[in-house]
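Student: Dropping a structure here in structure tokens format, bear with me for questions.
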Amino acid sequence: MERKLLKEEINDITMPGKMRERILKNCRNAKLEEKENVFMDKNITVSAEKKDAKNNVGRRWTRFATVAAAVTLCLGLGGITAMAASGKMEGFFADVTRWDGAVIGETYEQATEEIEVSATVSGDSIIVDAVLLKAGEAPYAFLENISVQTYSIVNEEGETVAEGTSNEKAGITDGKISLKLPLDELEGGNYTLIITEFIGSAKAEQDLPIKGYWVCEFEL
33 MERKLLKEEI NDITMPGKMR ERILKNCRNA KLEEKENVFM DKNITVSAEK
83 KDAKNNVGRR WTRFATVAAA VTLCLGLGGI TAMAASGKME GFFADVTRWD
133 GAVIGETYEQ ATEEIEVSAT VSGDSIIVDA VLLKAGEAPY AFLENISVQT
183 YSIVNEEGET VAEGTSNEKA GITDGKISLK LPLDELEGGN YTLIITEFIG
233 SAKAEQDLPI KGYWVCEFEL
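All residue numbers for the sequence shown refer to the numbering used here, where the first residue is 33 and numbers rise by one.
In structure tokens form, the structure reads like this:
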């Protein structure tokens, strides 16, 4: 009965179809995943635990963060409804699957309102400053560095004049990062920097794509 009511409430919320599927899937699997984690932890031998402790900690944090996100989605439907009505939605984890359906990684979607971004020009570079507004929560609390994965620069006419990927990783300090993007030879004028994906990383962990849509205006 509770599952039926849960599905009905989710279906009444205006949101992207993929997100609705993700919520339903997480609600179904959260409890099973939690039980599986407990079972796995109980069956780790002392010798194996000592040998792999460093790597296992990172993997467990990622796994627990995913389960926590699923539980939050299940229990916080009232909050989701309110955010949907106001146009504000929180980020969520999504699986990356192979052609045969096997899960090979994960991404963190819809993080726009969880990272505050600003841009200034300094010489031949754009300085990107970002503030993690939820630095103490998953996934940000478990990351060590962040880089810009996908960005573009648009002129006043709406034309893309530069785009690329940055390999520079910025360490997170007090929930903040600062990094440089190369500034191509552009004429003077007003421009807009658009970032659609960051990459979060931590030692012994798979890189985590953090997706959203961040817009910063700057002038040359």
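All C-beta atoms in this analysis are idealised placements derived from N, C-alpha and C, irrespective of residue type, glycine included.
Quick check on this structure: which residue in Asp156, Asn199, Gly220, Lys235 has the alpha carbon closest to the alpha carbon of Val229?
Tutor: Before going on, a small fix: residue 229 reads as Glu here, not Val. Checked all of Asp156, Asn199, Gly220, Lys235; the closest Cα to Glu229 is Asn199.
Student: What are the uninterrupted segments assigned as beta strand (DSSP E) that are 3 or more residues long and contained completely in the stretch 166-229, given in chain order?
Tutor: Entirely contained in the stretch 166-229, the beta strand (DSSP E) runs reaching 3 residues are, in chain order, 177-186, 192-196, 208-214.
Student: Can you tell which of Ile147, Ala151, Thr205, Ala162 has its C-alpha closest to the C-alpha of Ile185?
Tutor: Here the closest residue by C-alpha is Ala151.
Student: Just the Cα atoms here: how many angstroms apart are Val149 and Ala134?
Tutor: Roughly 34 Å separates the two Cα atoms.
Student: Name the DSSP beta bridge partners of Glu253, please?
Tutor: Here the chain covers residues 33 to 252 and nothing more, so residue 253 does not appear.
Student: Measuring straight from C-alpha to C-alpha, what distance separates Glu188 and Gly220?
Tutor: So the alpha carbons of these two residues sit roughly 11 Å apart.
Student: Going by C-alpha distance, which of Pro171, Thr224, Leu225 is nearest Glu122?
Tutor: The shortest Cα separation from Glu122 among Pro171, Thr224, Leu225 belongs to Pro171.
Student: If you reduce the DSSP assignment to three classes, tell me which class Glu13 lands in.
Tutor: In this structure the chain extends from 33 to 252, so residue 13 is not present and cannot be described.
Student: Could you say which of Gly203, Glu217, Thr139, Asp216 lies nearest to Ile178 if we only look at CA atoms?
Tutor: Looking at the Cα atoms, Gly203 is the closest of the given residues.
Student: So Phe124 and Glu141 are supposed to be a Cβ contact under 8 Å. How far apart are they, rounded?
Tutor: That belief holds up - the Cβ atoms of Phe124 and Glu141 are roughly 6 Å apart, short of 8 Å.
Student: Excluding the five sequence neighbours on either side, which residues of its own chain have a C-beta within less than 7 Å of the C-beta of Val247, listed in chain order?
Tutor: Within the same chain, Val247 has close Cβ partners Thr224, Ile226.
Student: Verify whether the separation of the beta carbon atoms of Ala162 and Ile147 is less than 7 Å.
Tutor: Contact: yes.
Student: Pick from Ile159, Ile136, Ile231: whose alpha carbon is nearest that of Glu176?
Tutor: The option with the nearest alpha carbon to Glu176 is Ile231.
Student: Report the three-state DSSP secondary structure of Glu141 (helix, strand or coil).
Tutor: Looking at Glu141 - three-state DSSP - the assignment turns out to be strand.
Student: Report back the beta-carbon spacing between Thr10 and Gln181 to the nearest angstrom; my notes put them in contact at under 8 Å.
Tutor: No answer is possible for residue 10: it lies beyond the span of the chain, which begins at 33 and ends at 252.
Student: Check the C-beta distance from Tyr245 over to Thr129 and give it rounded, since I have them as a contact under 8 Å.
Tutor: Tyr245 to Thr129, Cβ: 23 Å. No contact.
Student: For a quick check, are the C-beta atoms of Ser157 and Leu215 less than 7 Å apart?
Tutor: Yes. Within cutoff.
Student: What residues in its chain sit with their C-beta under 6 Å from that of Trp93, if we drop five residues either side in the sequence?
Tutor: Any reading at Trp93 needs caution, since the residue's pLDDT is 41, under 50, leaving its predicted position unreliable; the model's value is listed next. Cβ within range, chain order: Phe174.
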